[in-house]
Structures are given as structure tokens and as C-alpha cells.
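Below you'll find the structure, written out as C-alpha cells, and then a few comments.
In the working numbering, the protein residues as written are 539 to 698.
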């Protein structure tokens with residue numbers, strides 16, 4: 539059993555927030571988790587590691603000679619895959635750039651391709667939270683499969 543706090547101790551504790559810490563990375567993860575209604579914070583961490591790996595690979599590719607055929611092939615392949623996933627707005631084949639991977643591939647870009655967010659954008663649900671509820675109840679099909687996972691990533695082909 540703890541003792542009752544004294545007046546000056548209560549005043550000091552009002553200024554302290556025990557749920558957020560400086561090491562949280564400017565609380566960006568909490569804002570993204572709230573905006574896109576991510577239920578498992580582990581999903582945010584996974585998206586963050588994927589983004590870091592993609593940036594690292596793009597940086598290594600950019601250090602190669604621009605005339606190198608291997609660099610050109612891998613760059614186009616990477617840009618095309620990210621375009622097909624819907625992560626990047628422009629595709630490969632001369633339309634996209636390797637620097638787009640370093641700047642535009644973010645956790646938010648992955649979260650924008652989650653099923654509840656896509657449903658909200660296409661006006662199938664009013665809010666992301668409402669879309670999440672509909673998905674969890676099993677009312678949504680993608681193709682012929684019923685989807686109950688809210689972390690389902692929708693590609694450009696599936697969106698239609």
C-alpha cells in the first residue's frame with residue numbers, strides 16, 4: 539500500500555506523462571497507429587523494418603555506376619514491384635526514380651494500402667474504425683476469399 543502524495547508531489551506528477559517517452563521517435567509511431575487504426579503495434583515495427591531494408595537496398599544500388607546493367611535491371615524491378623503494390627505513385631521503366639524509394643517509401647505508404655484504409659478511401663465505409671469492424675466481422679471479400687485480417691495489403695490489381 540502506498541502513501542498519499544503530498545501537494546507538491548501531485549503538482550510535479552501532473553507535468554509527467556508515463557505513456558510516451560523521448561525514445562519513441564517523436565511519437566510518430568503513435569500518430570500513425572492512431573490514424574490508420576493499427577491494432578498491433580508489432581505491425582508498425584514490421585512496416586518500419588521493411589522500409590529500412592528497402593531504403594538500404596536503394597542506397598546500395600545508388601552507389602553503383604548508373605550505366606551498370608545490373609543496377610538498371612534491379613532498379614526497374616524494384617520500382618515496378620513497389621508500383622504494383624501501390625507503395626509508389628509512379629512505376630519503373632523510366633518513370634520512377636531510385637530516390638523515390640528513399641523518400642516516398644514510408645510506414646504511412648504501407649498503411650495506406652491496408653484494407654480498412656482502402657475501403658474508407660473508396661467510400662465503402664465512413665471511417666477506418668468502421669471498416670475495421672466490418673472486416674473483423676467477416677463481411678468483406680477480396681476476390682473469392684473472405685478476409686478477416688485488417689492488416690491485409692491491397693495491391694493495385696486487387697483494388698478494382
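All C-beta atoms, glycine included, are put in the ideal place defined by N, C-alpha and C.
{"query": "Per DSSP, which residues does residue 691 bridge with? Please list them.", "result": "652"}
{"query": "Tell me which residue opens and which closes the alpha helix (DSSP H) that residue 675 is part of.", "result": "No alpha helix (DSSP H) contains residue 675, which DSSP labels as neither H nor E."}
{"query": "Report the three-state DSSP secondary structure of residue 554 (helix, strand or coil).", "result": "coil"}
{"query": "Quick one: Cα of residue 608 to Cα of residue 627, how far?", "result": "24 Å"}
{"query": "For the candidate residues 693, 541, 671 and 686, whose alpha-carbon lies nearest to that of residue 651?", "result": "693"}
{"query": "Using a 10 Å radius around the Cβ and a threshold of 16 neighbouring Cβ atoms, would you call residue 634 buried or exposed?", "result": "buried"}
{"query": "Give me whichever residues DSSP pairs with residue 683 in a beta bridge.", "result": "680"}
{"query": "Between which two residues does the alpha helix (DSSP H) containing residue 567 stretch?", "result": "566 to 573"}
{"query": "Between the segment 590 to 597 and the segment 668 to 687, can you find at least three pairs of beta-carbon atoms closer than 8 Å?", "result": "no"}
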